[in-house]
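One structure is given below, encoded as structure tokens.
Number of protein chains: 2
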Amino acid sequence: MESWVDGQPADVLSLKDRGLAYGDGLFETIAVRNGAPVLLERHLQRLEAGCQRLAFNVDLSVLGAELSAYAQRLGNGVLKLIVTRGNSLRGYAADPSSPARRILQGSLPAAYPATHAEQGIQMFPCTVRLSEQPLLAGLKHLNRLEQVLARAEWRDIEHAEGLMLDTSGRVIEGVFSNLFLVRDGVLFTADLSRCGVAGVMRAELLFQAKSQGIATQISDISLEQLHQADEVMVCNSVYGVWPVRGCGSARWPVGPLTRKLQALARALLDA
Amino acid sequence: MESWVDGQPADVLSLKDRGLAYGDGLFETIAVRNGAPVLLERHLQRLEAGCQRLAFNVDLSVLGAELSAYAQRLGNGVLKLIVTRGNSLRGYAADPSSPARRILQGSLPAAYPATHAEQGIQMFPCTVRLSEQPLLAGLKHLNRLEQVLARAEWRDIEHAEGLMLDTSGRVIEGVFSNLFLVRDGVLFTADLSRCGVAGVMRAELLFQAKSQGIATQISDISLEQLHQADEVMVCNSVYGVWPVRGCGSARWPVGPLTRKLQALARALLDA
């Protein structure tokens with residue numbers, strides 16, 4: 001489907017855009033099901049937090065309406081939204097009053113092997129570490145070189161995702177997923193106040209798990225805790241939940257809580 | 001002057017470019033004097049180091065010729081080069097064989113107040129810290145949100161630059177400059193193996209200083225060492241050298257080694 005820039009069909013962008021120059025922008029990758037953006041409110045909430053942190057001038061009601069209109073035309077697929085600070089002259093200084101730029105791109109539904117969800121995946125133990133920057137932690141901003149370098153560490157198809165630690169060795173997330181582990185019936189996920197992307201599906205699954213009486217805990221996670229987990233899974237807003245069967249020498253069974261959260265995600269995502 | 005993309009006149013870029021999507025690219029800001037790029041070899045060397053680190057597929061001889069041809073038309077001004085990994089589909093994985101994209105943009109000579117160079121500047125003590133990522137340290141890559149946030153900390157014209165520390169509190173650089181200090185006749189600049197941009201003018205001044213018998217030292221620099229310096233200056237490849245008169249409560253005189261390095265830079269840059 002054709003892309004939109006500020007509500008108009010376009011497939012190109014000004015060379016002066018600060019998204020290109022500095023990665024001065026944010027993005028959201030949104031599943032679209034039956035003409036509607038899935039978890040739209042959560043995506044908009046995260047985007048709003050990012051816009052506040054970066055002092056972007058965005059009208060979220062205009063943006064929300066635009067996302068809905070675009071999703072209606074897309075039908076089923078994936079909607080990628082990029083918001084940049086727009087054009088600027090040379091230099092890092094930005095005009096805080098100039099409106100942010102909205103870029104919408106649509107694509108077909110993601111085509112992952114069904115075995116990822118059914119039997120679980122192997123994760124590649126990435127050596128690239130996430131640097132710690134509390135001012136940007138949690139945001140889905142456009143400065144993604146660490147993910148690009150991490151994703152380049154494996155090219156085989158045996159590994160469906162990569163595990164990323166921070167520079168202090170804490171377990172944080174996948175390259176394009178958040179990570180949960182289960183231990184003694186408690187659902188753990190990493191504290192993302194120093195680095196990492198606070199995923200929309202992670203937030204939704206935490207919310208739904210709590211609603212169903214499952215104990216949840218957001219905390220620092222060591223490699224040892226990961227290795228001793230009863231279950232491990234990854235999630236994102238496009239594929240839902242994949243069980244993790246192994247990473248490096250570690251092995252985990254596919255457990256009942258993983259299957260439960262997977263069913264919750266599937267109910268949101270399956271068209 | 002019109003911009004070039006891969007050697008052709010253009011003012012727009014594909015929305016699929018990975019420079020936009022992930023900041024998956026590098027840049028160089030090159031002074032152009034009398035139709036020639038200043039310190040071209042050093043710019044190409046840094047770019048080559050970046051291309052190796054990010055596994056970009058760039059023909060540097062083609063790029064060098066293109067920069068020279070563009071500079072000849074520009075005459076006097078500033079040439080900004082952006083190299084991106086080119087287009088990709090959704091996802092962080094890149095095709096290592098696909099050629100990188102070359103973007104050249106020209107602008108008028110930088111218009112800074114003459115007093116910056118003559119009398120020296122005040123630096124704003126930024127609270128935004130540089131995160132430590134050895135894999136990206138030194139490169140002039142497109143992930144520049146830390147600089148964008150730091151530059152937004154001051155809007156008055158009393159401060160011409162901002163001082164940036166790393167997350168451990170070491171003195172690293174300016175927002176768009178490298179920093180030197182002088183103590184007992186020795187020229188110090190920060191070790192940039194954890195973060196920071198290894199500037200072309202910094203490299204040239206270190207080289208020229210050594211050639212003239214001035215002792216130089218690349219090392220970690222504490223705030224205390226900065227405060228106790230005899231002279232402080234900042235540099236980049238566009239404006240050359242500015243003496244630093246103060247930062248926060250600290251004050252420094254404009255000293256003889258600063259004036260000497262400033263003259264060296266001026267010889268390179270003044271048209």
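These protein sequences, in sequence, are chains Z and C.
Residues 1 to 271 in the numbering used here are what the first sequence lists, from first letter to last.
Residues 1 to 271 in the numbering used here are what the second sequence lists, from first letter to last.
Every residue, glycine too, gets a C-beta built ideally from N, C-alpha and C.
Predicted model only: the values in this text are computed from it and were never measured.
Exercise. Would you mind sorting residue 62 of chain Z into buried or exposed? The rule is 16 or more other CB atoms within 10 Å of its CB.
Key: Counting of Cβ neighbours within 10 angstroms places residue 62 of chain Z among the exposed residues, the total staying below 16.
Quiz item: Taking just the CA atoms, how far does residue 198 of chain C sit from residue 140 of chain C?
Solution: Straight through space, the alpha carbons of residue 198 of chain C and residue 140 of chain C are spaced by roughly 8 angstroms.
Quiz item: Is there at least one Cβ from chain C nearer than 8 angstroms to residue 156 of chain Z's Cβ?
Solution: Chain C, which has no Cβ nearer than 8 angstroms to the Cβ of residue 156 of chain Z, makes this no.
Quiz item: Expressed to the nearest angstrom, what Euclidean distance is found between the alpha-carbon atoms of residue 129 of chain Z and residue 96 of chain Z?
Solution: Whole-angstrom Cα-Cα distance: 33 angstroms.
Self-check item: Buried or exposed (CB count within 10 angstroms, at least 16 for buried), residue 204 of chain Z
Solution: By the beta-carbon neighbour count (other beta carbons within 10 angstroms, threshold 16), residue 204 of chain Z is buried.
Exercise. Using 10 angstroms around the beta-carbon of residue 251 of chain Z, count the other beta-carbons present and answer buried if the total reaches 16, otherwise exposed.
Key: That one is exposed.
Exercise. Could you check which residue in Z:137, Z:217, Z:147, Z:154 has the C-alpha nearest to that of residue 146 of chain C?
Key: Z:137 is the residue among Z:137, Z:217, Z:147, Z:154 whose C-alpha sits nearest the C-alpha of residue 146 of chain C.
Quiz prompt | Inter-residue spacing [alpha-carbon to alpha-carbon] between residue 134 of chain C and residue 263 of chain C | solution = Cα to Cα, the separation comes out at about 33 angstroms.
Practice problem: Check the Cβ of residue 200 of chain Z against every Cβ in chain C and list those closer than 7 angstroms, keeping chain order. | Solution: Within chain C, no residue comes near residue 200 of chain Z; the closest Cβ sits about 16 angstroms away, beyond 7 angstroms.
Quiz item: Quick one, are the C-beta atoms of residue 91 of chain Z and residue 176 of chain C less than 8 angstroms apart?
Solution: Against a cut-off of 8 angstroms, the Cβ pair of residue 176 of chain C and residue 91 of chain Z comes out as a contact.
Practice problem: Would you mind reading off the limits of the beta strand (DSSP E) that contains residue 160 of chain C? | Solution: Note, residue 160 of chain C: beta strand (DSSP E), 159-165.
Quiz item: Going straight from the alpha carbon of residue 70 of chain Z to that of residue 80 of chain Z, what length do you get?
Solution: Taking the straight line from one Cα to the other gives about 11 angstroms.
Quiz item: Closest Cβ-Cβ distance between residue 180 of chain Z and chain C: below 8 angstroms?
Solution: No, residue 180 of chain Z does not count as interfacial toward chain C.
Self-check item: Counterpart residues of residue 252 of chain Z in DSSP-defined beta bridges
Solution: Within the DSSP bridge table, the entry for residue 252 of chain Z names no partner.
Quiz item: To the nearest angstrom, how far is it from the Cα of residue 157 of chain C to the Cα of residue 111 of chain C?
Solution: Approximately 14 angstroms between the Cα atoms of the pair.
Self-check item: Cut-off 8 angstroms between Cβ atoms - residues of its own chain near residue 39 of chain C, not counting five sequence neighbours on either side
Solution: Here the set comprises 30, 31, 200, 201, 204, 237, 268.
Quiz item: Which residue comes first and which comes last in the beta strand (DSSP E) that contains residue 247 of chain Z?
Solution: That run of the beta strand (DSSP E) goes 240-247.
Quiz prompt | DSSP-derived helix/strand/coil call for residue 234 of chain Z | solution = Strand, per DSSP.
Quiz item: Going by beta carbon distance, what residues of the same chain come within less than 6 angstroms of residue 1 of chain C, once the five residues before and after it are set aside?
Solution: Result list for residue 1 of chain C: 74, 106, in chain order.
Quiz item: Do you know whose CA, among Z:213, Z:143, Z:167, lies nearest residue 21 of chain C's CA?
Solution: Sorting Z:213, Z:143, Z:167 by C-alpha distance to the C-alpha of residue 21 of chain C places Z:143 at the top.
Quiz item: How long is the line joining the alpha carbons of residue 229 of chain Z and residue 246 of chain Z, rounded to whole angstroms?
Solution: In a straight line, the C-alpha of residue 229 of chain Z is about 11 angstroms away from that of residue 246 of chain Z.
Self-check item: Rounded distance between the beta-carbons of residue 88 of chain Z and residue 15 of chain C, thought under 8 angstroms
Solution: Actually they are not in contact, since the Cβ atoms of residue 15 of chain C and residue 88 of chain Z sit about 18 angstroms apart, beyond 8 angstroms.
Practice problem: Compare the Cα-Cα distances from residue 35 of chain C to each of C:58, C:5, C:67 and report the closest residue. | Solution: Distance check between residue 35 of chain C and each of C:58, C:5, C:67 places C:67 closest, using alpha-carbon atoms only.
Exercise. Report the residue ranges of all alpha helix (DSSP H) runs contained in full by the stretch 45-78 of chain C; include only those spanning at least 4 residues, in chain order.
Key: Fully enclosed alpha helix (DSSP H) runs of 4 or longer: 60-74.
Quiz item: Which of the three DSSP states, helix, strand or coil, is assigned to residue 145 of chain Z?
Solution: The three-state reading of DSSP puts residue 145 of chain Z in helix, counting H, G and I together.
Quiz item: What are the boundary residues of the beta strand (DSSP E) that residue 2 of chain Z is part of?
Solution: Taken as a continuous stretch (DSSP letters only), residue 2 of chain Z belongs to no beta strand (DSSP E), as it is neither H nor E.
Quiz item: In the stretch 84-97 of chain Z, which residues sit with their C-beta less than 9 angstroms from some C-beta in chain C, listed in chain order?
Solution: Hits within the stretch, in order: 84, 85, 89, 90, 91, 92, 93, 94, 96.
Quiz item: Is there at least one Cβ from chain Z nearer than 8 angstroms to residue 19 of chain C's Cβ?
Solution: Closer than 8 angstroms: yes.
Quiz prompt | Start-end ranges of the beta strand (DSSP E) lying completely within the stretch 154-224 of chain C, minimum 3 residues | solution = Fully enclosed beta strand (DSSP E) runs of 3 or longer: 159-165, 171-174, 178-183, 186-190, 216-219.
Quiz item: Is the Cβ of residue 22 of chain Z closer than 8 angstroms to any Cβ of chain C?
Solution: Chain C contact via Cβ: present.
Quiz item: Taking the DSSP output, what are the residues bridged to residue 85 of chain Z?
Solution: Bridge partners of residue 85 of chain Z: none, in fact.
Quiz item: Hey, is residue 152 of chain C's beta-carbon within less than 8 angstroms of any beta-carbon in chain Z?
Solution: Closer than 8 angstroms: yes.
Self-check item: chain Z contact residues for residue 193 of chain C, given Cβ-Cβ distances below 8 angstroms
Solution: Within chain Z, no residue comes near residue 193 of chain C; the closest Cβ sits about 13 angstroms away, beyond 8 angstroms.
Quiz item: Got a sec? Which residues, its chain only, sit under 8 angstroms from residue 219 of chain C by beta carbon, not counting five neighbours each side?
Solution: Within the same chain, and ignoring the five residues on either side of residue 219 of chain C in sequence, the residues whose Cβ sits closer than 8 angstroms to its Cβ are 188, 190, 191.
Quiz item: With DSSP run on the structure shown, which of helix, strand or coil describes residue 151 of chain C?
Solution: The three-state reading of DSSP puts residue 151 of chain C in helix, counting H, G and I together.
Exercise. Indicate the three-state DSSP secondary structure (helix, strand or coil) for residue 28 of chain C in the structure shown.
Key: Here residue 28 of chain C sits in strand by DSSP.
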